[in-house]
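Here the structure is laid out as structure tokens; the discussion comes afterwards.
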Amino acid sequence: MEPINWHSVFFLLFALVGCGFSVAVLLTSNVVRMAFYLVLALAATSGLFFLAGADFVGAMQIMIYVGGTLVLLIFGVMLTARGPFISMRTPAGEWILGAIIGGSLLVVLLSAATSVRAWRPVAVAEGEARPTATRLGMALLGARVDKLEEPDPTQREGMSGYLLPFEIVSVHLLVVLVGSAYLARPKKRAVGSTAETV
Amino acid sequence: MNLLTEPIGVSHYLIVGAIMFVTGALCMATKRNALGVLMGIELVLNGANVNFVAFGSEYLRPGAVSMGLDGQLIALFVIVLAAAEAAVALAIVLNFYNNHSSVDVDKADELKG
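As they're listed, the protein sequences go chains A and B. At position 176 of the first sequence the residue is numbered 187 (my numbering), and the sequence of numbers has no breaks. At position 52 of the second sequence the residue is numbered 76 (my numbering), and the sequence of numbers has no breaks.
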């Protein structure tokens, strides 16, 4: 009897919760339940990120995705969930077509995922876990401190960080938020003119 | 093959990412509620993020040529862009709801030729 690998146990737990609630999002037709299941699926995904050693990305997944984006979506659900829009059923023909296409896509992806030898499991070496936040922050500022000890000099040339994409994505976020606030503003009703005509 | 005693590899993460991707794509295709379509997009982006983090993980592929930190950085960019996309799409959906009193994507066919 081999000892239980707790990394695998927690991976299975988070993977089952994530995949199960993803399928539940697909299968339910109630939009409020869909939002709740999506929260659980994304939170379980952050657990998978922690297990892969990506602690900062996992924290950001919870803070930005679950805490920001999904709260936005739930606000959208609350603003539009009225009578017939809470539960909109899909016709059976579309389900059948979707199941055929989705099933074939899933078969292709799964066979690709399991067929490459380099992606098979290898025994994880026991060691000290290294937090990634500092290295990620330095890489966003343009300094790849994680590649300083790269033995291969050709790989060391790609050491320029992500400063330009970081700035682009920052400005993009600003522009997008201003634009969406402009789009979603309440329409000016012609109160004065109607008052005069009435 | 005992899942509880064997180590976890990149392919396990890829399987989870594939399932999330397919469910998200099916959500986008079959949901009639515009917010359901948005949730499908979130699932698709999330499945892609799982793959990026798995390929960049130094614990799943020790010693191998992995993406290193690049995978996590790309995952961070995807998270930020998903937030921006959700904000804009929600604004469009609310605008559509104000004008048509409906969130049914089948009714949004005014631009159809």
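Even glycine gets a Cβ: it sits at the ideal position worked out from N, Cα and C. If you're wondering where the values come from, they're calculated on a predicted model, not measured in any experiment.
Cross-strand partners of residue i (DSSP beta bridge)
i	result
B/Asn57	B/Asp128
A/Ser98	A/Asn41
Amino acids of chain A, ordered along the chain, whose beta-carbon sits closer than 7 Å to that of residue i
i	result
B/Asp133	The premise fails here: B/Asp133 is roughly 16 Å from chain A at the closest Cβ pair, so nothing lies under 7 Å.
B/Val34	Trp130
B/Val77	Phe60, Ala63, Ala65, Val68
C-alpha gap between residue i and residue j, whole angstroms
i	j	result
A/Ser33	A/Val43	14 Å
B/Leu118	A/Ala195	7 Å
A/Ala92	A/Ser98	9 Å
B/Glu30	A/Val187	45 Å
A/Thr39	A/Leu152	43 Å
A/Trp17	A/Leu62	11 Å
A/Phe226	A/Ala134	In the structure as shown, chain A begins at 12 and stops at 209. Residue 226 of chain A is therefore absent and cannot be evaluated.
B/His124	A/Lys198	14 Å
B/Thr60	A/Leu83	In the sequence as presented, Thr is not what sits at residue 60 of chain B; that position holds Gly. Whole-angstrom Cα-Cα distance: 13 Å.
A/Val209	B/Phe120	For A/Val209, the predicted structure reports a pLDDT of 44, less than 50, and the residue's modelled location is therefore unreliable. A value from the coordinates is still provided. C-alpha separation (whole angstroms): 29 Å.
B/Leu67	A/Pro142	27 Å
B/Arg56	A/Ser19	38 Å
A/Ala206	A/Ala192	Note that A/Ala206 has pLDDT 48, beneath the 50 cutoff, so the model's placement of it is unreliable and no number is given.
A/Ala150	B/Ile98	11 Å
B/Leu38	B/Val74	7 Å
B/Ala53	A/Val119	19 Å
A/Ala46	A/Thr80	11 Å
A/Val180	A/Ile75	15 Å
B/His36	B/Asn122	44 Å
A/Val156	A/Pro102	54 Å
Proximal residues of chain A, C-beta to C-beta of residue i below 8 Å
i	result
B/Ile65	By Cβ distance, chain A contributes nothing, its closest Cβ being about 10 Å from B/Ile65, past 8 Å.
B/Val112	Val187, Gly190, Ser191, Leu194
Contacts of residue i in chain B (Cβ-Cβ under 7 Å)
i	result
A/Pro176	Phe101
A/Val36	Thr47, Cys51, Met63, Leu67
A/Glu160	None at all; the shortest Cβ gap to chain B is about 12 Å.
A/Glu13	Thr29
Where residue i meets chain A, residues with beta-carbon distance less than 9 Å
i	result
B/Ala72	Near B/Ala72 there are no residues of chain A at all, since even the closest Cβ is about 11 Å away, more than 9 Å.
B/Met44	Gly29, Cys30, Ser33, Ala52, Thr56
Proximal chain B residues relative to residue i, where beta-carbon distance stays under 9 Å
i	result
A/Phe47	The premise fails here: A/Phe47 is roughly 11 Å from chain B at the closest Cβ pair, so nothing lies under 9 Å.
Contacts of residue i in chain B (Cβ-Cβ under 8 Å)
i	result
A/Met71	Leu100, Ile103
A/Glu105	Ala53, Thr54
Worksheet item: Are the region 93 to 100 of chain B and the region 134 to 154 of chain A in contact at 8 Å, needing three or more beta carbon pairs?
Response: yes
Worksheet item: Touch check for the region 110 to 130 of chain A and the region 42 to 49 of chain B: three-plus C-beta pairs under 8 Å?
Response: Under the 8 Å Cβ criterion, the region 110 to 130 of chain A counts as touching the region 42 to 49 of chain B, having at least three qualifying pairs.
Worksheet item: How do the region 54 to 61 of chain A and the region 104 to 111 of chain A stand: do at least 3 beta-carbon pairs fall below 8 Å, yes or no?
Response: no
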